[in-house]
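Numbering (the numbering used here), first residue to last: 3 to 143.
Idealized CB from N, CA, C, for every residue including glycine.
For reference, the structure is listed below as structure tokens.
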């Protein structure tokens, strides 16, 4: 009977941990990776370091990206490059937020530098893509 009570107590503790994890997911102001990391940290009794969790996601993303890029046929490399350039240029949103929302001089300066670099990325990437597409056009004689 004592073992049954101990098992019920452990089950109650696990249920409380799950409820806390769900609340953390619902109330997390950060990204989904932070919320998932907090949930895994709570469910495992604190055994998973958040840095290790994020690093594992980063490594998995590297492998997924590698297999996605190398499984694309050569004819689709140009459109893939254009889309990748457009996705990476989403950084402009963060740069605009840093320039517009902060009153600190350093944040405005770094935001302006980021905005300039992102602009070079956007226009340079599409210029390279345009030149790559021009290689496929037939030359007029």
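Would a C-beta distance cut-off of 8 Å place residue i and residue j closer than the cut-off?
i: residue 134; j: residue 86; result: no
i: residue 91; j: residue 130; result: no
i: residue 122; j: residue 114; result: no
i: residue 93; j: residue 116; result: yes
i: residue 74; j: residue 82; result: yes
i: residue 128; j: residue 84; result: yes
Does the Cβ of residue i have 16 or more other Cβ atoms within 10 Å, making it buried, or fewer, making it exposed?
i: residue 97; result: buried
Could you compute how far the alpha carbon of residue i sits from the alpha carbon of residue j?
i: residue 12; j: residue 52; result: 25 Å
i: residue 15; j: residue 4; result: 17 Å
i: residue 60; j: residue 72; result: 18 Å
i: residue 56; j: residue 64; result: 13 Å
i: residue 19; j: residue 70; result: 37 Å
i: residue 21; j: residue 54; result: 23 Å
i: residue 50; j: residue 66; result: 23 Å
i: residue 68; j: residue 140; result: 32 Å
i: residue 99; j: residue 126; result: 23 Å
i: residue 111; j: residue 132; result: 32 Å
Name the residue from the options whose alpha carbon lies nearest to the alpha carbon of residue i.
i: residue 76; options: 138, 103 and 106; result: 138
i: residue 124; options: 10, 95 and 9; result: 95
Just list the alpha helix (DSSP H) runs in the region 67-128, keeping only unbroken ones of 4 residues or longer that don't cross its boundaries, in chain order.
For the region 67-128, the full-length alpha helix (DSSP H) segments reaching 4 residues or more read 79-90 and 93-103 along the chain.
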